[in-house]
Amino acid sequence: MEDRKRVALITGASQGLGACMARRLAELGFRVIVNYAHSTGRAENVAAGIRESGGDATAMRCDVSDESAVIALFAELEERFGGVDVLVNNARIDPLSRRPEETDGMWWDHVLSVGLRGAYLCCNEFTRYAEHHRNGRIVNVSSCRAHRPNELESIAYATSKLAVHCLTRSYAAALAKYAITVNTLAPGMIATENMIKRIGLDGYEEECRHIALGRAGSCDEIADGLVWAVQNGFMTGETININGGQTYAP
Ligand SMILES: NC(=O)c1ccc[n+]([C@@H]2O[C@H](COP(=O)([O-])OP(=O)(O)OC[C@H]3O[C@@H](n4cnc5c(N)ncnc54)[C@H](OP(=O)(O)O)[C@@H]3O)[C@@H](O)[C@H]2O)c1
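Sequential numbering from 7 applies to the sequence shown in the working numbering.
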């Protein structure tokens with residue numbers, strides 16, 4: 007039996023759902039790696055909050071779209087903590103954050119570089135060390151937007167999310183021989199701390215008209231799906247849809 011503490015790497019965990027999922031995995035006893043790219047103060051606060059609650063957390067900067075940085079992160083985690091047991095590919099570019107100077111092509115590359123390329127690079131590094139981490143888990147965070155027509159400004163984002171389902175099924179097949187499961191978590195609208203700032207109250211009410219349960223889900227309600235995917239060893243290549251009835255499983 008291993009006596010090392012199992013390690014969970016959550017990409018993009020400086021705020022929102024990522025921070026919530028980091029807290030939940032720390033509560034399950036994981037040593038949590040709170041990854042971020044820009045927001046050092048926020049990520050350090052998330053990690054400090056987990057430690058104050060008795061958990062084990064370290065904030066680590068890594069731009070997941072940067073191949074050499076991802077390789078270095080996994081090598082460092084192998085060296086310092088014995089590797090990654092649970093990888094949650096959660097980092098994203100907010101679909102509402104496009105800058106005026108970004109052309110369509112720049113925006114496409116920007117969005118896909120984090121949400122898709124970043125998830126692919128992290129899955130590959132996880133796979134490099136997989137035979138040492140039997141019973142590991144990968145959870146790729148998608149969105150209910152992957153399976154419905156989108157407004158023009160969200161097409162790049164939604165396309166990256168649909169492609170994430172392909173990553174899940176492919177790595178699920180590749181890693182099954184190590185008893186590693188790979189699943190997709192596909193939330194609908196989430197009530198993060200930034201939700202009203204992002205879409206405004208009117209935007210929120212409009213979105214809710216398309217949700218059968220009439221509201222956004224809390225981060226904790228979405229994180230329940232992550233806990234399920236981490237604790238269950240017989241589900242792989244699947245999608246956990248938690249969206250209040252906004253879309254139904256494809
Ligand atoms: N919010 C929703 O309503 C909703 C709905 C469906 C699905 N989702 C999905 O749920 C997940 C979390 O959503 P959220 O609303 O909590 O996200 P968010 O608030 O936009 O946070 C995104 C996170 O990604 C990090 N990040 C950005 N670029 C990065 C990079 N290059 N490398 C590493 N980290 C990077 C950010 O950290 P820095 O600030 O340090 O860059 C931040 O921690 C995402 O996958 C999203 O697509 C969200």
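Note that CB positions come from ideal geometry on N, CA and C, so glycine has one too.
heavy atom of ligand 1 below 7 Å from residue i C-beta
| i | result |
| --- | --- |
| ASP69 | yes |
| PRO106 | no |
| SER224 | no |
| PRO193 | yes |
| GLN252 | no |
| SER149 | yes |
| ASN156 | no |
| THR165 | no |
| THR23 | Per the sequence shown, the amino acid found at residue 23 is Leu instead of Thr. Answer for LEU23: yes, Cβ within range of ligand 1. |
| ASP100 | yes |
| SER5 | Outside the shown range of the chain (7 to 256) lies residue 5, about which nothing can therefore be said. |
| ASN189 | no |
| ASN51 | no |
| TYR135 | no |
Candidates the options, of which the one nearest residue i by Cα
| i | options | result |
| --- | --- | --- |
| ARG37 | ILE56, ALA43, GLU50 and THR46 | ILE56 |
| GLY42 | ASN95, ARG151, GLY60 and CYS129 | Note that residue 42 corresponds to Tyr in the displayed sequence, not to Gly. If we check each option's Cα against that of TYR42, ASN95 comes out closest. |
| PHE240 | MET201, ASP230, MET195 and ILE186 | ILE186 |
| THR190 | ASN200, LEU93 and ARG154 | LEU93 |
| ALA218 | GLN252, ILE202, GLU227 and CYS225 | GLN252 |
| SER149 | GLY111, ASP100, HIS44 and ALA180 | ASP100 |
| GLU199 | ALA25, LEU15, LYS11 and ILE16 | ALA25 |
| LEU173 | THR245, ALA75 and ILE228 | THR245 |
| ARG12 | GLY121, GLY243, LEU79 and HIS139 | HIS139 |
| GLU157 | ASN238, GLU213 and GLY88 | GLU213 |
Identified DSSP bridge partners for residue i
| i | result |
| --- | --- |
| PRO193 | ILE248 |
| VAL52 | VAL52 pairs with nothing; no bridge assigned. |
| ILE144 | LEU93 and VAL188 |
| ASN41 | MET66 |
| VAL13 | ARG37 |
Start and end residues, beta strand (DSSP E) containing residue i
| i | result |
| --- | --- |
| ASP62 | 62-67 |
| LEU219 | Careful: LEU219 lies outside any beta strand (DSSP E) and carries neither H nor E. |
| VAL236 | No beta strand (DSSP E) holds VAL236; the alpha helix (DSSP H) holding it covers 225-237. |
Residue i: CB within 7 Å of a non-hydrogen atom of ligand 2
| i | result |
| --- | --- |
| GLY231 | By its list of ligands, the structure shown excludes ligand 2, since it contains just ligand 1. |
Below-8 Å beta-carbon distance, residue i vs any chain D residue
| i | result |
| --- | --- |
| ALA136 | Absence of chain D from the displayed structure is noted, only one protein chain being present. |
Range covered by the alpha helix (DSSP H) that runs through residue i
| i | result |
| --- | --- |
| TYR210 | 201-214 |
| ILE161 | 161-181 |
Inset, instruction - Answer yes if the segment 158-172 comes into contact with the segment 202-212, meaning at least three C-beta pairs across the two stretches below 8 Å, and no otherwise. - result: no
Inset, instruction - Count the CB pairs spanning the segment 127-135 and the segment 66-77 that are closer than 8 Å, and state whether there are at least three. - result: As far as the Cβ criterion goes, the segment 127-135 touches the segment 66-77, which means the pair count is three or higher.
Legend entry - Any 3 or more C-beta pairs closer than 8 Å across the segment 225-243 and the segment 175-184: yes
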